[in-house]
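From first to last, the protein sequence lines are chains A and B.
Heads up, the first sequence stops at 221 in this note's numbering, and the numbers go up one at a time, no gaps.
Heads up, the second sequence stops at 442 in this note's numbering, and the numbers go up one at a time, no gaps.
Number of protein chains: 2
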Amino acid sequence: MFSVYKRYAPTVCGRRTLPLIGQPQPERADAARNRRKIIEVAASMIAEHGADDISLDEVARVAGVGVGTVYRRFGDRAGLVLALIDDRERQFQESFLTGPPPLGPGAPAAERITAFLDALVGRVVAQQGLFAQLEKCGKTIRYSGPYRVHHVHLATLLAQACPNADPAFLADALLAPVNARLIAFQQEERGMTIGEIKAGLARLATVVTCGYGVPPGGSQR
Amino acid sequence: MFSVYKRYAPTVCGRRTLPLIGQPQPERADAARNRRKIIEVAASMIAEHGADDISLDEVARVAGVGVGTVYRRFGDRAGLVLALIDDRERQFQESFLTGPPPLGPGAPAAERITAFLDALVGRVVAQQGLFAQLEKCGKTIRYSGPYRVHHVHLATLLAQACPNADPAFLADALLAPVNARLIAFQQEERGMTIGEIKAGLARLATVVTCGYGVPPGGSQR
DNA sequence: AGGTTAATCGGAGTGTTCTCCGTTTACAAG
DNA sequence: CTTGTAAACGGAGAACACTCCGATTAACCT
Numbered sequence: 001m002f003s004v005y006k007r008y009a010p011t012v013c014g015r016r017t018l019p020l021i022g023q024p025q026p027e028r029a030d031a032a033r034n035r036r037k038i039i040e041v042a043a044s045m046i047a048e049h050g051a052d053d054i055s056l057d058e059v060a061r062v063a064g065v066g067v068g069t070v071y072r073r074f075g076d077r078a079g080l081v082l083a084l085i086d087d088r089e090r091q092f093q094e095s096f097l098t099g100p101p102p103l104g105p106g107a108p109a110a111e112r113i114t115a116f117l118d119a120l121v122g123r124v125v126a127q128q129g130l131f132a133q134l135e136k137c138g139k140t141i142r143y144s145g146p147y148r149v150h151h152v153h154l155a156t157l158l159a160q161a162c163p164n165a166d167p168a169f170l171a172d173a174l175l176a177p178v179n180a181r182l183i184a185f186q187q188e189e190r191g192m193t194i195g196e197i198k199a200g201l202a203r204l205a206t207v208v209t210c211g212y213g214v215p216p217g218g219s220q221r
Numbered sequence: 222m223f224s225v226y227k228r229y230a231p232t233v234c235g236r237r238t239l240p241l242i243g244q245p246q247p248e249r250a251d252a253a254r255n256r257r258k259i260i261e262v263a264a265s266m267i268a269e270h271g272a273d274d275i276s277l278d279e280v281a282r283v284a285g286v287g288v289g290t291v292y293r294r295f296g297d298r299a300g301l302v303l304a305l306i307d308d309r310e311r312q313f314q315e316s317f318l319t320g321p322p323p324l325g326p327g328a329p330a331a332e333r334i335t336a337f338l339d340a341l342v343g344r345v346v347a348q349q350g351l352f353a354q355l356e357k358c359g360k361t362i363r364y365s366g367p368y369r370v371h372h373v374h375l376a377t378l379l380a381q382a383c384p385n386a387d388p389a390f391l392a393d394a395l396l397a398p399v400n401a402r403l404i405a406f407q408q409e410e411r412g413m414t415i416g417e418i419k420a421g422l423a424r425l426a427t428v429v430t431c432g433y434g435v436p437p438g439g440s441q442r
């Protein structure tokens, strides 16, 4: 009755002769080969059928490995999804951390915020199915990995742009609408285009960065 | 391969002698009895073990009905969750549609917006587990039922408070952070209290309603 | 080479969600 | 009370997510 599934530690190796704590060694050759094969198969299955309905059993079968192998490599469905997201995500992070302005450093914080939200919408739309999967998965995962990086980045910019705000909360609040499922809903049922969504967020960000110039309670009507 | 589950139409009855379209008749006595029994059992199981791990098989077993019956009554897991949410939701809707100000009619729109978001956070927190379940379920459900009502209400108020904004988009954007899983994350990992979350939203709403006084582009720094 | 051993592997097994369909039942009309 | 029938019932069954564990193997050491 009730829950039963526990979580595998997504084994990340350790060589025998070096049991030094905190020194993860590279994967064994067969493990690395399987990881690549699984990712490759999963990616092509998603390209063909969409991300909604991938079964990990099926992925394992097509990849020619046991189910256990998939789970040992990636922990669970969310882990595999995260791995599929990883490539583009790394590129995206580079672009706002070290790329050219207005996304990267060099532009005023307010502009970077708008540029970041704009790019983030694009990012999510580019892998909408995968992000939607992520939101469906275990609670821990959703606010893991990419989300945390995005949050730190946005909160830092907000701290510069509006010194009287709570940047952590505000970053959560601005990140919340950039959500694969909400965006899909806005497109399908509200008839909005991606451009309109981006414009709406940009304006919201502008209003927010301007509006938080005054301390709490200072602008009460 | 890939998806297989189709969706039952959550049978809502129809009497034989009155096949008039659009005139749904009350449920048969046995059906109504089972619906009540299932809800009752599910509610008590959730009260005891939390909402995360209820198995519909288990609910069916304890309620003394077949699994098929559960699915015929409620469509799927999300449908049952929605039913469990329904009572309080109706009360909540009454309170902002016809209750006393500032939540109900009578107060200025800006105040009602703040009051509404405040109450909504309370609402979500009161059944956090169930709302979290809902977000995990099929995409159609998440933006169904309660969400749509909340959205219409908030968009209406926003249309009054900030005539230059896109109320539909803005309502989505303000509703997005009021999210069971985000709130849980903010509590657990950011160490925020519900009071702080409510305060943050209230301030955001104030800034937004004030900031959208000017047309798009008008307040560019 | 050959030995050692921890990491890896595969797949049978458990619990869950949801569907299908043959059987039963509530209820209205005669 | 009997009968007709749409609706409801139950539970076997298909597909899936994830776990467990005995067998296998890569890679380091002598």
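By construction, the Cβ of each residue, glycine as well, lies at the ideal position given by its N, Cα and C atoms.
On the DSSP bridge assignment, give the partners of residue 107(A) in chain order.
Along the first sequence, one-based indexing puts residue 107(A) at 107. DSSP lists 105(A) as partners of residue 107(A).
Would you kindly report the start and end of the unbroken alpha helix (DSSP H) that includes residue 409(B)?
Within the second sequence, the letter at position 188 stands for residue 409(B). From DSSP, the alpha helix (DSSP H) with residue 409(B) extends over 401-409.
Check each residue of the segment 166-197 of chain A: if its Cβ is closer than 8 Å to any Cβ of chain B, include it; give the result in chain order.
166, 168, 169, 170, 172, 173, 176, 177, 179, 181, 182, 184, 185, 186, 189, 190, 192, 196, 197
Taking the alpha-carbon positions, what's the residue 123(A) to residue 136(A) distance?
Looking up residue 123(A) in the first sequence gives position 123. Looking up residue 136(A) in the first sequence gives position 136. Looking at the two C-alpha atoms, the distance is approximately 18 Å.
I'd like to know if residue 37(A) contacts chain B, where contact means its C-beta is closer than 7 Å to some C-beta of that chain.
As a first step, residue 37(A) must be located in the first sequence, where it is residue number 37. Closer than 7 Å: no.
Count the other C-beta atoms from every protein chain shown that fall within 10 angstroms of the C-beta of residue 242(B), then say buried if there are 16 or more, exposed otherwise.
The residue given as residue 242(B) occupies position 21 in the second sequence. With a pLDDT of only 47 at residue 242(B), under 50, the local geometry of the prediction cannot be trusted, and the value read off the model is given with reservation. Result: exposed.
From 253(B), 268(B), 247(B), residue whose alpha carbon lies closest to that of residue 349(B)
Position 128 of the second sequence, counting from 1, holds the residue named residue 349(B). The option with the nearest alpha carbon to residue 349(B) is 268(B).
Proximal residues to residue 402(B) (C-beta, below 8 Å), its chain only, five neighbours per side dropped:
Numbered from 1 along the second sequence, position 181 holds the residue referred to as residue 402(B). Once the five neighbours on either side are set aside, the close Cβ partners of residue 402(B) are 353, 356.
DSSP state of residue 431(B) mapped onto helix, strand, coil
Here residue 431(B) corresponds to residue number 210 of the second sequence, with the count starting at 1. DSSP places residue 431(B) in helix when its eight states are reduced to three.
Cross-chain neighbours of residue 106(A) in chain B, by beta carbon under 9 Å
For this step, residue 106(A) is matched to residue 106 along the first sequence. What residue 106(A) touches in chain B: nothing, since even the nearest Cβ is about 17 Å away.
Please check if any C-beta of chain B sits within less than 7 Å of the C-beta of residue 71(A).
Taking the first sequence and counting its residues from 1, one reaches residue 71(A) at position 71. False, the Cβ-Cβ gap to chain B never drops below 7 Å.
Run of the alpha helix (DSSP H) containing residue 77(A), from where it starts to where it stops
Residue mapping note: residue 77(A) aligns to position 77 of the first sequence, counting from 1. In the DSSP assignment, residue 77(A) falls within the unbroken alpha helix (DSSP H) covering 77-97.
Should residue 324(B) and residue 317(B) be called a contact, given that it needs their Cβ atoms to be closer than 7 Å?
Counted from its first residue, the second sequence places residue 324(B) at position 103. Counted from its first residue, the second sequence places residue 317(B) at position 96. Their beta carbons are under 7 Å apart, which means residue 324(B) touches residue 317(B) by this criterion.
Does DSSP put residue 243(B) in a helix, a strand or coil?
To locate residue 243(B), count along the second sequence from 1; it is residue 22. Since pLDDT at residue 243(B) reaches only 49, below the 50 mark, its modelled position is unreliable, and the value read off the structure follows with that caveat. Residue 243(B): coil per DSSP, three-state reduction.
Identify the continuous alpha helix (DSSP H) that holds residue 249(B) and give its terminal residues.
Counting from 1 along the second sequence, the entry for residue 249(B) is found at position 28. Taken as a continuous stretch (DSSP letters only), residue 249(B) belongs to no alpha helix (DSSP H), as it is neither H nor E.
Using a beta-carbon distance below 7 Å, is residue 200(A) in contact with chain B?
Against the first sequence, residue 200(A) aligns to sequence position 200. So, interface residue.
Taking 8 Å as the limit between beta carbons, can you name the residues of its chain near residue 60(A), skipping five residues before and five after?
Within the first sequence, the letter at position 60 stands for residue 60(A). Only 38, 66, 67, 69, 70 meet the Cβ criterion.
Is DSSP giving residue 144(A) helix, strand or coil here?
Along the first sequence, read from residue 1 onward, the residue named residue 144(A) stands at position 144. Three-state result, residue 144(A): coil.
Against chain B, with Cβ distances strictly below 7 Å, would residue 211(A) count as a contact?
Within the first sequence, numbered from 1, the residue matching residue 211(A) stands at position 211. Answer yes: the Cβ-Cβ gap between residue 211(A) and chain B drops below 7 Å somewhere.
For chain A, find out if any of its Cβ atoms is closer than 7 Å to the Cβ of residue 375(B); answer yes or no.
For the purposes of this step, residue 375(B) is taken as residue 154 along the second sequence, with counting starting at 1. No, residue 375(B) does not count as interfacial toward chain A.
Where does residue 158(A) land, buried or exposed, given buried means 16+ other C-beta within 10 angstroms?
For the purposes of this step, residue 158(A) is taken as residue 158 along the first sequence, with counting starting at 1. By the 10 Å Cβ count, residue 158(A) comes out buried.
Whose Cβ in chain B lies nearer than 9 Å to the Cβ of residue 208(A)?
Position 208 of the first sequence holds residue 208(A). Within chain B, the residues near residue 208(A) are 425, 428, 429, 432.
Report all residues from its chain with a CB closer than 6 Å to the CB of residue 154(A); omit the five preceding and five following residues, and keep chain order.
As a working mapping, residue 154(A) is identified with position 154 in the first sequence. Result list for residue 154(A): 171, in chain order.
Spatially closest choice to residue 303(B) from 273(B), 367(B), 395(B), 419(B), by CA coordinates
Taking the second sequence and counting its residues from 1, one reaches residue 303(B) at position 82. That would be 367(B), whose Cα lies nearest to the Cα of residue 303(B).
Based on Cα-Cα distance, which residue from 189(A), 106(A), 176(A), 130(A) lies nearest to residue 117(A)?
The residue given as residue 117(A) occupies position 117 in the first sequence. Closest option to residue 117(A), Cα to Cα, is 176(A).
Please report the straight-line C-alpha distance between residue 306(B) and residue 351(B), rounded to a whole angstrom.
For this step, residue 306(B) is matched to residue 85 along the second sequence. For this step, residue 351(B) is matched to residue 130 along the second sequence. Residue 306(B) and residue 351(B) have their C-alpha atoms spaced approximately 7 Å apart.
Below 7 Å CB to CB, which residues in the same chain sit around residue 299(B) once its five sequence neighbours on both sides are set aside?
Taking the first residue of the second sequence as position 1, residue 299(B) is located at position 78. Excluding residues within five positions, the ones whose Cβ falls inside 7 Å are 355, 358, 359, 362.
Could you tell me whether any Cβ in chain A is nearer than 7 Å to the Cβ of residue 440(B)?
For this step, residue 440(B) is matched to residue 219 along the second sequence. Because the pLDDT of residue 440(B) is 42, which lies under 50, any placement of that residue in the model is unreliable, and the question is left without a value.
To be precise: take each residue of the segment 318-350 of chain B, compare its Cβ to all Cβ atoms of chain A, and keep it if any distance is under 9 Å. Which residues remain?
329, 331
With respect to the alpha helix (DSSP H) encompassing residue 129(A), which residues constitute its N-terminal and C-terminal limits?
In the first sequence, the residue the question calls residue 129(A) occupies position 129. Where residue 129(A) is concerned, the enclosing alpha helix (DSSP H) stretches over 128-136.
Chain A residues whose Cβ lies nearer than 7 Å to that of residue 363(B)
For the purposes of this step, residue 363(B) is identified with residue 142 of the second sequence, where counting begins at 1. The answer, in chain order, is 181.
Restricting to Cα atoms, I'd like to know which of 412(B), 253(B), 277(B) is closest to residue 169(A).
In the first sequence, residue 169(A) corresponds to position 169, counting from 1. Measuring from the Cα of residue 169(A), the nearest candidate turns out to be 412(B).
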